[in-house]
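Numbering (full-length UniProt numbering), first residue to last: 1 to 198.
Think of the CB as a built atom: it goes at the ideal place given N, C-alpha and C, for glycine as much as any other residue.
As the structure is a prediction and not an experimental result, all values here were calculated from the model.
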């Protein structure tokens with residue numbers, strides 16, 4: 001029996017839908033396998049992170065795994081900084097591009113892995129990544145960041161680095177802590193002792 005036009009169109013639609021769904025699942029699973037799922041940082045924590053870092057106009061603020069781009073947009077909007085976001089998930093990257101378009105805020109959004117980009121011009125670096133990524137980032141920061149730059153990690157501290165400030169966690173949610181690290185202005189300088197910041 002020959003296939004009716006309706007059946008042919010229905011089959012084509014179902015196959016196309018399945019192909020799109022599989023593609024989306026693969027693209028979404030890619031960053032999950034790499035250990036960096038998309039979990040948006042609250043605006044309250046973003047504002048506190050930028051405040052802790054004492055961002056100045058014209059400084060370059062990087063967000064490694066920038067998600068929907070909200071931190072770099074806030075840095076540009078409130079502090080007059082230059083915001084650069086790097087995002088590994090293609091779907092989330094396009095979400096960030098869409099939010100940037102709607103906001104009209106000029107930021108630089110890069111699709112790819114932070115491993116492929118140098119941070120030598122960064123003044124502030126923010127990252128909310130899984131803890132197994134931090135030892136690798138510690139080496140990258142040590143090799144690439146300039147003296148006097150600041151690093152903020154969300155949820156997990158950098159192993160072996162002396163913390164300058166710690167944002168008190170939200171009550172009952174110890175995971176949501178912010179850790180600030182200040183690279184010495186000179187190689188012989190020591191990092192500041194730990195302080196609480198709320």
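Counting the other Cβ atoms within 10 Å of the Cβ of residue 98 gives fewer than 16, which makes it exposed.
Of all alpha-carbon atoms in 160, 161, 177 and 62, the one lying nearest the alpha-carbon of residue 168 is that of 177. Contact between the segment 75-91 and the segment 108-128 is present: 3 or more CB-CB pairs across the two stretches fall below 8 Å. The beta carbon of residue 118 sits closer than 8 Å to those of 144, all from its chain and outside the five residues before and after it, given in chain order. Residue 46: member of the alpha helix (DSSP H) spanning 43-53, first to last residue. Within the model, the alpha-carbon separation for residue 123 versus residue 93 is close to 23 Å.
With a threshold of 16 other beta carbon atoms within 10 Å, residue 59 meets it and is buried. Rounded to whole angstroms, the Cβ separation of residue 46 and residue 76 is 12 Å, and the two are not in contact under 8 Å.
Residue pairing from DSSP places residue 87 in a beta bridge opposite 111. Taking residue 53 as reference, the option from 91, 137 and 127 with the minimal CA-CA separation is 127. With fewer than 16 other CB atoms across the displayed protein chains lying within 10 angstroms of its CB, residue 4 is exposed. Check the Cα spacing between residue 152 and each of 116, 78, 161 and 49: the tightest is with 49. Counting along the chain, residue 150 sits inside the beta strand (DSSP E) bounded by residues 150-154.
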